[in-house]
Amino acid sequence: MTAEQAHDRYLAAIRAGSRREALAVVDDALREGMDARTLYLRVFQPSMHEIGRLWQENRITVADEHLATAITQLAMSRLYEELFGDRPEAGPLLVAACAEHERHELGLRMVCDLLELDGWDTVFLGASVPVEDLVEMVKERRPEVVALSASITPHLARVREAVAAIREAMPDGGPVIAIGGRAFAGDAALAERMGADLTAKDAVEVAERLKERFAA
Amino acid sequence: MAGVSTGARAAAALLDQKEAIARSVTGLLYAEMPWLVDKYGERGRLKCLQDMRYNLEYLAPAVELENVELFVAYARWVDGVLRSRGVPTGELARSFELIASDVAARMRADEAALVSACLEAGVIALRQGGGG
């Protein structure tokens, strides 16, 4: 099964709302030796972008989109179980959170999983994390990187507040702050205005940039 | 502490007055296009009002950052969403123009100018996109 075939089969499965078929695609792909990175890069991410496009074009409903998202979260969990057993590595620590009110969390979760494949340790906080609580977590865990996500521009103000609050709480030796999500669309100048250190156009690329930055 | 920029003031005003602007612009749009009532029904008017709130929520960060492209990207995206649901580009573009004139009457000239710059760029992008 090529990556393209896996993509087409997976997309058909999540469009049909079939958990079983979606998981079968993942299992088959793994059995045939496809690596996890390829599954994220060529199957999950493009399939979910396609689901978003189908909603935009009024060809599927919000309910269909949520179902596809839930299935992909399940598929990612399945992959996680397969691939991440006990890992002795002590790579960089990443704390990942969606901006307050932001509910699109899948991309950020992909960033976490992709980095874990590379030996990182990640703490995924998911959707809508209040700024104060995020800062507490960051102070306590002292991660090398904080990744913040926003999919729509109305959430940019919350991202900027979070970045500023982290910088203020940790004026010296604070984390590298990466921001991403559709609201940024890879706009490095915008990310810089938000006070962040790094951005990229999608989840896979954010993970790549972070790996490069922390490569020994 | 740096002073608050004109963009930040204008964005805050847009969000503070979001409900009033959204209601006013929806009323003006329906007054100009009375056939919308038959076309979309009473539910359509509520959806229109909600769409105006969204327009303002997306306008605010573009104004705050004085980043016209942020609003243009939204305009193109929402035009695709609306067209696929039977709302023509012309109605969206007109609503942007009505927001600009409503805001001009509410805000200081320098603030309104920033708002207007974003909306005008949005209208131009919509007309170039040519959805009808």
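Chains A and B, in that order, give the protein sequences. Quick note, the working numbering runs 1066 ahead of the 1-based positions in the first sequence. Quick note, the working numbering runs 356 ahead of the 1-based positions in the second sequence. Cβ coordinates follow ideal geometry from the N, Cα and C atoms, glycine included.
In this structure, the beta-carbon distance from P1158 (chain A) to W1186 (chain A) falls below 7 angstroms. By the CB criterion at 7 angstroms, A1262 (chain A) and V1229 (chain A) fall inside the cutoff. Distances from the alpha-carbon of L1174 (chain A) to those of A:Q1122, A:Q1111, A:F1150 put A:Q1111 closest. Secondary structure note for T362 (chain B): its alpha helix (DSSP H) is the uninterrupted segment 362 to 372.
By the beta-carbon neighbour count (other beta carbons within 10 angstroms, threshold 16), M389 (chain B) is exposed.
Residue burial annotation: P1209 (chain A) is buried, with at least 16 other C-beta atoms found within 10 angstroms of its C-beta.
When the alpha-carbon of Q406 (chain B) is set against those of B:A378, B:W391, B:A429, B:R483, the nearest one is in B:A378. Going by C-alpha positions, F452 (chain B) is about 12 angstroms away from A460 (chain B). In the structure shown, the three-state DSSP call for F1150 (chain A) is coil. The secondary-structure analysis by DSSP pairs S1215 (chain A) across a beta bridge with A:C1164, A:G1246. Under the three-state reduction of DSSP output, L1264 (chain A) falls in the strand class.
The beta carbon of T1219 (chain A) falls within 7 angstroms of a beta carbon belonging to chain B, placing the residue at that interface. Taking a Cβ-Cβ cut-off of 8 angstroms, the neighbours of E1123 (chain A) in chain B comprise G436, S440, given in sequence order. About 15 angstroms separates the Cβ atoms of V479 (chain B) and V419 (chain B), ruling out a contact at the 8 angstroms cut-off.
Where T1188 (chain A) is concerned, the enclosing beta strand (DSSP E) starts and stops at 1187 to 1190. Residue contact with chain B for L1149 (chain A): absent (no Cβ-Cβ distance below 7 angstroms to any residue of chain B). For R1233 (chain A), the enclosing alpha helix (DSSP H) begins and ends at 1222 to 1235. Of the other Cβ atoms in all chains shown, 16 or more fall within 10 Å of the Cβ of G1247 (chain A); this residue is therefore buried.
By the neighbour-count definition (other C-beta atoms within 10 Å, threshold 16), A376 (chain B) is an exposed residue.
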